[in-house]
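Residues in the sequence shown are numbered from 350 upward in steps of one, following the numbering used here.
Glycine included, each C-beta is placed from N, C-alpha and C at the ideal position.
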Amino acid sequence: MLSFNFGGKNSYDDYGILISSRPNIPSPKRRVEYIDIPGRHSSLRYDEGTYEDITITVECQLKNKDLIGKVDEIKGWLLGTGESGLIFSFQKDRKYIAQVVNQIDFSQIMKRFSDFIIVFNCRPFKYDAGNSLITLTKSSTSVSNIGTFESYPIITVYGSGNISLTIKGQTVKLYDISNKAVINSELMDCYDGALNNLNPKMEGEYPKLDLGSNVISWSGNVSKIEILPNWRWL
């Protein structure tokens with residue numbers, strides 16, 4: 350039975366939605382600009398190093414006996430969730446960051462089922478559905494990126510005072526920290542446990558975890574570091 354989880358709910362268990370066939374999952378398109386120059390063979394290429402969003406179309410069915418009372422509920426769930434994690438039953442260890450972008454229309458067939466299509470607009474990467482927290486208590490510890498692309502982690506530093514954090518040779522400095530600092534590379538933001546702005550107390554680039562091994566070290570009064578890695582795949 351094919352199903353998907355979206356916004357914390359399961360399509361089949363919570364709504365009785367049947368996926369008609371396994372959806373096609375396209376690869377993201379890399380953003381490359383081609384410039385033709387008269388008198389020059391081939392084209393100049395400007396590669397941004399970024400990727401476009403992908404669209405996943407899911408063909409679904411709902412039994413008519415369940416239809417009348419669930420149409421509004423299903424629409425409210427799909428359209429009202431906004432951007433959220435999308436996990437398919439045939440790949441439970443991967444998650445898309447997705448949002449429903451089409452109008453949901455139910456069409457009756459054969460007096461037994463209603464067909465409808467869900468179109469998800471997804472960010473270009475697949476993410477680790479588990480996204481397990483990594484806890485470090487010893488400096489100069491190696492963390493290996495298990496994905497196929499660099500990741501932008503959320504790093505929580507537990508400590509106080511002036512702290513230097515180095516990841517694969519790149520250093521971030523924190524000044525006059527009290528108890529905790531969160532370095533969110535996904536949002537490019539730094540804040541404390543109460544979400545107070547700590548950007549003026551941070552110096553350096555927001556860290557990333559490259560493919561392969563990443564040695565992480567620090568200096569200063571640090572009790573531990575927690576990393577939410579956000580591993581991702583194309």
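Lysine 412 is classed as exposed because its beta carbon has fewer than 16 other beta carbons within 10 Å across all chains shown. When beta bridges are read from the DSSP output, alanine 530 appears opposite Val506. Between tryptophan 582 and the set Met551, Val571, Phe474, the nearest pair of CA atoms involves Phe474. Bridge partners of threonine 399 according to DSSP: none are assigned. The Cβ atoms of valine 492 and asparagine 563 lie closer than 8 Å to each other. Taken atom to atom, the span from the alpha-carbon of leucine 547 to that of glycine 398 is near 30 Å. Taking 8 Å as the cut-off, the beta carbon of isoleucine 565 is found closer than this to the beta carbon of threonine 490. A Cβ-Cβ distance of about 17 Å is found for the pair tryptophan 567 and leucine 482, leaving them out of contact under the 8 Å criterion. Following the DSSP letters along the chain, one finds isoleucine 423 inside the alpha helix (DSSP H) bounded by residues 420-429. A Cβ-Cβ separation of about 6 Å places glutamate 535 in contact with isoleucine 503 under the 8 Å criterion.
Counting along the chain, the unbroken beta strand (DSSP E) around aspartate 538 starts and ends at 538-540.
In summary, isoleucine 495 is exposed, with fewer than 16 beta-carbon neighbours lying within 10 Å of its beta-carbon over all protein chains present. With a cutoff of 8 Å on beta-carbon distance, asparagine 570 and serine 509 are scored as near each other. In the three-state reduction of the DSSP assignment, lysine 358 falls in the strand class. For serine 566, the enclosing beta strand (DSSP E) stretches over residues 561-577.
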